[in-house]
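Colleague: One structure, as structure tokens, below. Some questions next.
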Ligand SMILES: Nc1ncnc2c1ncn2[C@@H]1O[C@H](COP(=O)(O)OP(=O)(O)O)[C@@H](O)[C@H]1O
Ligand SMILES: [Mg+2]
């Protein structure tokens, strides 16, 4: 384990821009949740892991689904188990406490050390979800109605909330968060990201893969533009496949690692074909518009 940082600076496996570092540190200092938005694959989930690792804190991950309710993160009262035990078990079912299970936020509140909580993909849940969490996130405490107990945070957790921007979040919720938008990495940033994953990558292969990748992203009409994670997969495929850098632009090997929709695949093949059919130019055919 590396020495804990007192402020977040990124980690050896995660590149954080200075603005992102500042947003993380301000949110931690103010004790307010950090809301991270950005295209899929821009490192939102990974950020929470990086923060936990940099500050040497435990990470609690609460993955949000369309059916997730705010209360699930606080606690769950397992009535089904209690009913089962009352009929078939030899447990004492009169103690309701046995059937209360803390959710990820609940666990984070009772933790004796400060922890990091990732509320991942909040926009998957219904619109009530963020509003329902407001109060508990503000006061960092909640009541368990069934037992009358109050759970109060021992330490205010560092809370990272991610959103792929599928839905707009309510204003009242936004007001309470520090907001940061992770823009799609520019080329310099992308090279740095690739290098933390593949430090020994051949320079020429990296250059050619980057050119081809940003060309693909520049094509209008893609249903799903490839993201950082797809580029990382593609670079790995090119390396493992022993592809010569000179062939990357002209042949686009392992295109399936970059594009996941038939429509996009065909669109790119079509563009390559059209441009390849044009008069030969010094730059590889399809790169001319890049
Ligand atoms: N800034 C970064 N530094 C290092 N790796 C990154 C960075 N951004 C993205 N990645 C890599 O891209 C992939 C996708 O990241 P992820 O956090 O899952 O994205 P998101 O949650 O935004 O969809 C991961 O493999 C991650 O390691
Ligand atoms: Mg994610």
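In our numbering, the protein residues as written are 329 to 618. In this text, a Cβ means the ideal position worked out from N, Cα and C, and glycines have one as well. For clarity, every value in this text was computed on a predicted model and none was experimentally measured.
Between residue 373 and ligand 2, is the CB less than 7 Å from at least one heavy atom?
Modeller: yes
Colleague: How far does the beta strand (DSSP E) with residue 363 in it reach, from first residue to last?
Modeller: 362 to 365
Colleague: Residue 532: which of 571, 559, 409, 358 sits nearest, CA to CA?
Modeller: 571
Colleague: Within the same chain, show all residues whose beta-carbon is closer than 6 Å to that of residue 430, passing over the 5 residues directly before and after it, in chain order.
Modeller: 403
Colleague: Could you tell me the distance, in whole angstroms, from the CA atom of residue 338 to the CA atom of residue 331?
Modeller: 13 Å
Colleague: On a CA-only basis, which of 333, 600, 469 is nearest residue 356? Give me that one, please.
Modeller: Among 333, 600, 469, the Cα nearest to that of residue 356 is on 333.
Colleague: Mind checking whether residue 501 and residue 462 have CB atoms under 8 Å apart?
Modeller: yes
Colleague: Can you give, in chain order, each stretch of the alpha helix (DSSP H) that sits fully within the region 470 to 514 and has at least 4 residues?
Modeller: 499 to 503
Colleague: On a CA-only basis, which of 490, 503, 391, 470 is nearest residue 481? Give me that one, please.
Modeller: 470
Colleague: Quick check on DSSP: helix, strand or coil for residue 556?
Modeller: helix
Colleague: Three or more C-beta pairs under 8 Å: does that hold for the region 360 to 371 against the region 414 to 425?
Modeller: no
Colleague: Would the beta-carbon of residue 567 be found less than 7 Å away from any heavy atom of ligand 1?
Modeller: no
Colleague: Quick one: grab the DSSP three-state call for residue 391.
Modeller: strand
Colleague: According to the neighbour-count rule (16 or more other Cβ atoms, all chains shown, within 10 Å of its Cβ), is residue 522 buried or exposed?
Modeller: Residue environment: residue 522 is assigned as buried (16 or more neighbouring CB atoms within 10 Å of its CB, all protein chains considered).
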